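Heads up, the thing below is written out as structure tokens.
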Amino acid sequence: MNKTALYAMAMLLVPWLSCTNNPVQNLANPPVVGTGEHARMILPPVKDTVLASGRKNIYLAGLRTKSGFFTERYIFPPGYKGMPHVHNSDLYITIISGTAHIVQEKKFDTTAPSLAYGPGSFLVIKADQPHFEWFTQECTMQVSGIGPNETFYLPEDQAKK
Numbered sequence: 078m079n080k081t082a083l084y085a086m087a088m089l090l091v092p093w094l095s096c097t098n099n100p101v102q103n104l105a106n107p108p109v110v111g112t113g114e115h116a117r118m119i120l121p122p123v124k125d126t127v128l129a130s131g132r133k134n135i136y137l138a139g140l141r142t143k144s145g146f147f148t149e150r151y152i153f154p155p156g157y158k159g160m161p162h163v164h165n166s167d168l169y170i171t172i173i174s175g176t177a178h179i180v181q182e183k184k185f186d187t188t189a190p191s192l193a194y195g196p197g198s199f200l201v202i203k204a205d206q207p208h209f210e211w212f213t214q215e216c217t218m219q220v221s222g223i224g225p226n227e228t229f230y231l232p233e234d235q236a237k238k
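Reading the sequence shown from the start, the letters are residues 78 to 238 in my numbering.
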């Protein structure tokens, strides 16, 4: 049989199967397993932390301090300030709620031109890129990357770690 004939048969067979009383697979309504049981959340075996600054860290997948992929969620209180720093690998940031002011410079200055990143904003902080952040309202931020990922705080006169 040639290729065209096989395609034609497939095109006829698919609608026919969907019209029969015994469909091969119903993707729109998958079978329910058990009696209302839900899938369990898979989280790393570490406890969430609350820092003295009021920032809460929630560990979703992997750990920043270990090799491999990680995802963490941070909840920053209003007034929180992250002093200028760099990371040794790229970070992928999504703002979930609130607003974050993030500036990619080495000197902390809340009067510097900045963007206010709101819910749904996505940005990438490249490795060794000096940056700082501050928050005027509570902000939930999700951060992913490849670990180990370290933070190096900068003196005001230094741009690299």
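Don't be surprised by glycine CBs; every beta carbon is placed ideally from N, CA and C.
In this text, all values refer to a predicted model and were calculated from it rather than measured experimentally.
Check: Out of L128, T176, I202, K124, state which residue places its alpha-carbon closest to the alpha-carbon of V220.; Outcome: I202
Check: What's the gap between the Cα of E182 and the Cα of V123?; Outcome: 33 Å
Check: Using the Cα positions of N226 and L137, report the straight-line distance between them to the nearest angstrom.; Outcome: 15 Å
Check: If you count every other CB in all the chains shown that lies within 10 Å of the CB of P100, and 16 or more means buried, which is it?; Outcome: Legend: pLDDT at P100 = 49, less than 50; position of this residue unreliable, no value from coordinates given.
Check: For H162, which residues of its own chain have a beta-carbon under 8 Å away from its beta-carbon, when the five flanking residues on both sides are left out?; Outcome: P207, H208, F209, T228, F229, Y230, L231
Check: Count the other C-beta atoms from every protein chain shown that fall within 10 angstroms of the C-beta of A177, then say buried if there are 16 or more, exposed otherwise.; Outcome: buried
Check: For L128, is the classification buried or exposed, using 16 other Cβ atoms within 10 angstroms of its Cβ as the cut-off for buried?; Outcome: exposed
Check: Can you tell me whether M160 is buried or exposed? The criterion is at least 16 other CB atoms within 10 Å of its CB, across all chains shown.; Outcome: exposed
Check: By Cβ distance, which residues of its chain are closer than 7 Å to F142, with the 5 residues on each side in sequence left out?; Outcome: Per the sequence shown, residue 142 should be read as Thr rather than Phe. The answer, listed in chain order, is G224, P225.
Check: Please name the residue, chosen from A204, D205, P196, that lies closest to E215 on a Cα-to-Cα basis.; Outcome: P196
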